[in-house]
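Enquirer: Just dropping this structure here.
Numbering (my numbering), first residue to last: -8 to 1225.
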């Protein structure tokens, strides 16, 4: 049985933190005060299963389900709900033991669904849930207020609930998708038909364009040949011009070389003159620099003389100033000496008095230092005596209190010992009884466990066999589907190919008239058997003969003439193997093909990679001779790059045909345009396809038969293994139930035994502890009594010592006060004497500093005076030397100016010679430039000729690459042709080509592609027509199946509803009826419709559907409509309706949110009796405030909300009349009782 195993919420409404609720089969009750978040749990399940309406979830927008934040909690960025289903029974598809459905929604609006951790679409989740009856209407989750909504809603809405409970939601979705696909296929068919019509209209002009392109190609080849002749003549002219230009360029190069040699000689002579000129300039520059140095030295000597004169004057002035300063300092020094002598040394009286005062102060201080330790020691002893007395008094008081308390504890211990002895005796008797019960239950549990293990092993084997059978069945279905699809595809392609062969599309009208008028006539290509892959090549070689008709009877000359003329209009020929009007060879052989050429025979004359025509074509003997006469020798190659045949000149002369397998043709070595003959070529390809497809279709039909046989066997195996598995699962459930009961009872007894044994042991140990404690307390009382006596004696002694110590301290205090007063007086006198002595010493020190300062200044003045007296004669001598050096420098400057004038004359001569050489060089350079320019003009002309020659050669090569005719033309042939004649012919051919008008060079390829596209479109159209038929059949089958399933389920629900009303309303009757109602005005997918009656009115088609009406007759009351029932009666009626659906097909779980709120105690008892009766068949999760509902719970959850606005969950599992409190692992709060 599938059931909801766990519900995990994170960030959903009031559950900000991750919260998990674990469920078990049976009844789970959720309680809590109003507004605590109980109903949010039901909303979470509804939302996780794909609910899209915010109103259903009690919100305005879907983002309202995300936790919005509160005091102390930030808003969540997403909401997530995970549902974990137990699927050991395989109710959910996929074969998983557990199925986890997760839905997430972010504040940005991003939503995703996951199934077992894998992202899935909403449609996938809905289909998964629909497989177990959890459809769009969610009849298994009854939120607050929905009880009355079930009855007040329309009959169409109740019908939707019934269909969902019947498991028809998945079939109805499949029908909706099929109807939508039917509409799309119809639109595709209309579009393909339009395209096919357009393609047929475009095919005829393409054929005309291909013929025009063929004529255009022939004219282009002839034009290319004439252009090649003219280009060869132009190339010869340009080559002669190139030779003349090369000779002129050589002459100019020689003239340029001569000019370059003369320039080189002149430049060498100029370089010698420039070196002399450079040396003269260097000498002139050196003399100028020397003159500048001499003039600069003269200026510096003059400036130095002026500095020395100023210095002599300064030294003389400073010497006079020093003499005056020296006289002033000597007078100040004399005054300081007199002041120092007047001060003298300090008086002896003040020094002696200060010594006496200090000795008296030291004596008093010594006496004080002796008395202070004694005073401090006495005070410390006094404090110690006080502390000792205080401690002794406190100890005495504590000992008395302890003695009193210990005496009371001894009395209490004796009373508890008497009680313990009695309890130990009772516990011993209980242990003996429980040990006997445990032994009996243990033996029964072992027997039940062995039986459960055996049943589980059998169940596992049955499950494995069932799983293997389902896999085999799935593989058989897949194989059958693939085989049927492959067979249908091959048969469709075979039909297309056969129709193409029968219709002989692409043939001219005259050929089709001749074939239609004579049953013995047939196409030539229908009598040929061509090896696969050579159809295009054979069609190209046959040319017009590919559309020829063979008449296998005698034909009169008049009929032949008229028919032959009609055929010749479209380029066909009639082949008569016996000649005109004679009996045909085909008639002699009666159309049989008894003698054929050997298809494996290869011509010995053909090299490797080349096939002769008759090596790949089988022809009836009566017709073979005629074809060999009409056709020249022909060969087939892979492509035109094959060199062996193309290089054979003999084949060019004899007109041998060479064709590639792609259909390109060479006649006599010249490339010819391919004839547009798509009809014969298509017929050859279609005949080959028919043979291949017939073989493939036979093989596909054989595989379909094998797959159907395997499918039938697989279905039988799955049915048998499923029956065995259900039987074994029932056995396992019964055995495990027995084991669980025995284990539960055994565990209870063992826990009881352990508790009693532990209690008895604790009692014995506690009695021993009480005896030991009583003895310890008695001893402690005796010790405390003795200590109390000792404390009294010590207290008396301490008080006497305290009185003596206080008298001694008083005498010491008087003596210390007198000595401290004497010490203070001595200190004041000593301070006064010391201050007076310090003032005298400071004055003496200041005067001595002044004397030292004056002495230093006098010494410095004397040293400066001596230095100036010594330096003044030296400076005067230096002045004399500087004046003599100035005279010498003036003479040298005159000599340097004379040398500078001579250097200027020399450099002027060199400059004149260089100017003459420059004029000569300019003349030579002009001649060199003129020669160079002429040479450049020749080179430019030569380059232009070379470019023209290259362009002509490239044009010729381009013609050879694009056309075949220019490749065989030689230069001798070009020189022999007159230019005027060739030009006239070229103009004429160009006018003929221009007269053709615009030409589509790709017309041939477009014609073939369009013909292939037309064949493809015809095939697609037939496939779409088949799809329309198949989809119509599928929709009809689904409608029939849904109607049948709904009728069966409704009948079962109607019967169950009557029984439920009889239980909930004793003496009452209830009935469900189908009544036609107008279809609700709501949008539906294309093709979706309810089972009902169709009526045609003035405004069009209006459908009616059969809704579900509820009729209830209460005892002793007249039948009444549902809206007139009381609140309690409505609730009971809705509960009866829900249980009727449940009994017809149970869902994995039912969530009932306060459905019994309007019921009294009697009706609550009736409701709970139904829950207890059917709790083994499904899982009930009830949200309630009723105490009686709580009493039937297997698991009890409490939801509370704190001051922070966040919901918390507490749980209690109820087992065997006892409760175990549990706290969610994610909520680290102290455990509380509900």
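Glycine residues also receive a C-beta, built at the ideal position from the N, C-alpha and C atoms.
(1) On the criterion of 16 or more Cβ atoms from any shown chain inside 10 Å, does residue 745 qualify as buried, or is it exposed?
(2) With a CB to CB cut of under 7 angstroms and the five nearest residues on each side skipped, what residues in its chain are close to residue 929?
(3) When burial is assigned at 16 or more other CB atoms within 10 Å of the CB, is residue 989 buried or exposed?
(4) Shortest alpha-carbon distance to residue 741 belongs to which of 654, 969, 1002, 421?
(5) Taking the Cβ atom as the reference point for each residue, do residue 302 and residue 866 lie within a distance shorter than 7 angstroms?
(6) Between which two residues does the beta strand (DSSP E) harbouring residue 1189 extend?
(7) With distances taken Cα to Cα, identify the nearest neighbour of residue 696 among 910, 471, 15, 117.
(8) Grab me the residues of residue 433's own chain with a C-beta within less than 7 angstroms of its C-beta, minus the 5 sequence neighbours each way, in chain order.
(9) Buried or exposed: where does residue 1085 fall if 16 or more other Cβ atoms within 10 Å of its Cβ makes it buried?
(10) Beta-carbon separation of residue 64 and residue 7 under 7 angstroms?
(11) Express the C-alpha separation of residue 680 and residue 42 in angstroms, rounding to a whole number.
(12) Which one of 676, 1193, 983, 379 has the shortest CA to CA distance from residue 1002?
(13) Considering only their Cβ atoms, is the gap separating residue 542 from residue 515 smaller than 7 angstroms?
(14) Measuring alpha carbon to alpha carbon, tell me which residue in 652, 916, 624 is nearest residue 658.
(15) State the Cα-Cα distance for the pair residue 1185 and residue 1126, rounded to the nearest angstrom.
(16) With three or more C-beta pairs closer than 8 angstroms as the rule, is the stretch 168 to 187 touching the stretch 993 to 1009?
(17) Can you list, in chain order, the stretches of the beta strand (DSSP E) that have 3 or more residues and sit fully within the stretch 252 to 322?
(18) Distance check for residue 442 and residue 726, CA to CA, integer angstroms please.
(19) Under 7 angstroms Cβ to Cβ from residue 518, same chain only, skipping five residues before and after it: list those, please.
(20) Opposite residue 120 in the DSSP bridges: which residues?
(21) Could you round the C-beta distance between residue 36 and residue 132 to whole angstroms and report it? I think they count as a contact, below 8 angstroms.
(22) Would you list the one or two residues that DSSP bridges to residue 846?
(23) Compute the distance between the beta-carbons of residue 250 and residue 918, then report whether it is under 7 angstroms.
(24) Assuming residue 55 and residue 66 make a contact with CB atoms under 8 angstroms, what is their CB distance in whole Å?
(25) What does the Cβ neighbour count give for residue 209, buried or exposed, with the cut at 16 atoms within 10 Å?
(26) Measuring alpha carbon to alpha carbon, tell me which residue in 423, 70, 846, 705 is nearest residue 98.
(27) Sort 722, 366, 17 by Cα distance to residue 798 and report the nearest one.
(28) Out of 1143, 1164, 1009, 247, which has the shortest C-alpha to C-alpha gap to residue 1051?
(29) Does residue 1047 pass the burial test, meaning 16 or more other C-beta atoms within 10 Å, or should it be called exposed?
(30) CB residue 288 to CB residue 901, shorter than 7 angstroms?
(31) Relative to the C-alpha of residue 377, which residue among 863, 1138, 792, 704 is closest?
(32) Short check: CB of residue 83 to CB of residue 92, under 7 angstroms?
(33) Helix, strand or coil: how does DSSP classify residue 110 here?
(34) Take residue 782 and list the residues in its own chain whose beta-carbon comes closer than 8 angstroms to its own, dropping the five residues that flank it on each side.
(35) Looking only at C-alpha atoms, which of 191, 392, 682 sits nearest to residue 521?
(36) How many whole angstroms separate the CB atoms of residue 935 and residue 257, which I take to be in contact at a CB cut-off of 8 angstroms?
Expert: A quick look at the data gives this:
(1) Taking the chain shown and counting its residues from 1, the one referred to as residue 745 is at position 754. Taking all protein chains in view, the Cβ of residue 745 is surrounded by fewer than 16 other Cβ atoms within 10 Å, so the residue is classified as exposed.
(2) Working through the chain shown from its first residue, we reach residue 929 at position 938. Hits under 7 angstroms: 236, 239, 240, 243.
(3) As a position in the chain shown, residue 989 is number 998, starting the count at 1. By the neighbour-count criterion, in which a residue is buried when 16 or more other Cβ atoms sit within 10 angstroms of its Cβ, residue 989 is exposed.
(4) Within the chain shown, the letter at position 750 stands for residue 741. Looking at the Cα atoms, 421 is the closest of the given residues.
(5) Taking the chain shown and counting its residues from 1, the one referred to as residue 302 is at position 311. Taking the chain shown and counting its residues from 1, the one referred to as residue 866 is at position 875. Result yes, Cβ atoms of residue 302 and residue 866 sit closer than 7 angstroms.
(6) On the chain shown, residue 1189 is found 1198 positions in, with the first residue counted as 1. That run of the beta strand (DSSP E) goes 1186 to 1192.
(7) Mapped onto the chain shown, residue 696 falls at position 705. For residue 696, the closest C-alpha among the options 910, 471, 15, 117 is that of 471.
(8) The sequence position of residue 433 within the chain shown is 442, counting from 1. The beta carbon of residue 433 sits closer than 7 angstroms to those of 737, all from its chain and outside the five residues before and after it, given in chain order.
(9) As a working note, residue 1085 is residue 1094 in the chain shown. Low confidence applies to residue 1085: its pLDDT is 36, below 50, so where it sits in the model is not reliable enough to give any reading.
(10) Walking along the chain shown from the start, residue 64 turns up at place 73. Walking along the chain shown from the start, residue 7 turns up at place 16. Going by C-beta atoms, residue 64 is nearer than 7 angstroms to residue 7.
(11) Translated into the one-based positions of the chain shown, residue 42 becomes position 51. Translated into the one-based positions of the chain shown, residue 680 becomes position 689. Their backbone Cα atoms lie some 55 angstroms apart in a straight line.
(12) Here residue 1002 refers to the residue found at position 1011 when the chain shown is read from its first residue. The shortest C-alpha separation from residue 1002 is found at 676.
(13) The count along the chain shown starts at 1 and reaches residue 515 at position 524. The count along the chain shown starts at 1 and reaches residue 542 at position 551. No, they are not a contact pair.
(14) Stepping through the chain shown from its first residue, residue 658 is reached at position 667. The shortest Cα separation from residue 658 among 652, 916, 624 belongs to 624.
(15) Along the chain shown, one-based indexing puts residue 1185 at 1194. Along the chain shown, one-based indexing puts residue 1126 at 1135. Spanning the two alpha carbons is a distance of roughly 21 angstroms.
(16) Yes: the two stretches touch, three or more of their Cβ pairs being nearer than 8 angstroms.
(17) Within the stretch 252 to 322, no beta strand (DSSP E) run of at least 3 residues lies entirely inside it.
(18) One-based indexing of the chain shown puts residue 726 at position 735. One-based indexing of the chain shown puts residue 442 at position 451. For residue 726 and residue 442, the distance between alpha carbons rounds to 6 angstroms.
(19) In the chain shown, counting from the first residue as 1, residue 518 sits at position 527. Correct list, in chain order: 541, 611, 614.
(20) On the chain shown, position 129 is the one that residue 120 refers to. None, per the DSSP bridge assignment.
(21) In the chain shown, residue 36 corresponds to position 45, counting from 1. In the chain shown, residue 132 corresponds to position 141, counting from 1. Confirmed, Cβ separation roughly 6 angstroms.
(22) Counting from one through the chain shown, the residue named residue 846 turns up at place 855. Per DSSP, none; premise fails for residue 846.
(23) Along the chain shown, one-based indexing puts residue 250 at 259. Along the chain shown, one-based indexing puts residue 918 at 927. Yes, they are a contact pair.
(24) If you number the chain shown from 1, residue 55 lands on position 64. If you number the chain shown from 1, residue 66 lands on position 75. Separation of the CB atoms of residue 55 and residue 66 is rounded to 12 angstroms, and the pair is thereby denied contact status at 8 angstroms.
(25) Here residue 209 corresponds to residue number 218 of the chain shown, with the count starting at 1. Only exposed fits residue 209, as fewer than 16 other CB atoms lie within 10 angstroms of its CB.
(26) The residue given as residue 98 occupies position 107 in the chain shown. Closest by alpha carbon: 70.
(27) Along the chain shown, one-based indexing puts residue 798 at 807. Of the candidates 722, 366, 17, the one whose C-alpha sits nearest the C-alpha of residue 798 is 366.
(28) In the chain shown, counting from the first residue as 1, residue 1051 sits at position 1060. Proximity to residue 1051 across 1143, 1164, 1009, 247 peaks at 1164, based on C-alpha coordinates.
(29) Residue mapping note: residue 1047 aligns to position 1056 of the chain shown, counting from 1. By the 10 Å Cβ count, residue 1047 comes out buried.
(30) Counting from one through the chain shown, the residue named residue 288 turns up at place 297. Counting from one through the chain shown, the residue named residue 901 turns up at place 910. One thing to note: residue 288 has its Cβ no nearer than 7 angstroms to the Cβ of residue 901.
(31) The residue you call residue 377 lines up with position 386 of the chain shown. Answer by Cα proximity: 792.
(32) Residue 83 sits at position 92 when you count from the first residue of the chain shown. Residue 92 sits at position 101 when you count from the first residue of the chain shown. No, Cβ-Cβ distance for residue 83 and residue 92 is not below 7 angstroms.
(33) Taking the first residue of the chain shown as 1, we reach residue 110 at position 119. It is a strand residue.
(34) Counting from one through the chain shown, the residue named residue 782 turns up at place 791. Correct list, in chain order: 383, 386, 387, 390.
(35) Start at 1 with the first residue of the chain shown, and residue 521 comes out as number 530. Ranking the options by Cα distance to residue 521, first place goes to 682.
(36) Taking the chain shown and counting its residues from 1, one reaches residue 935 at position 944. Taking the chain shown and counting its residues from 1, one reaches residue 257 at position 266. For a cut-off of 8 angstroms, the C-beta gap from residue 935 to residue 257 is around 36 angstroms, too long to register as a contact.
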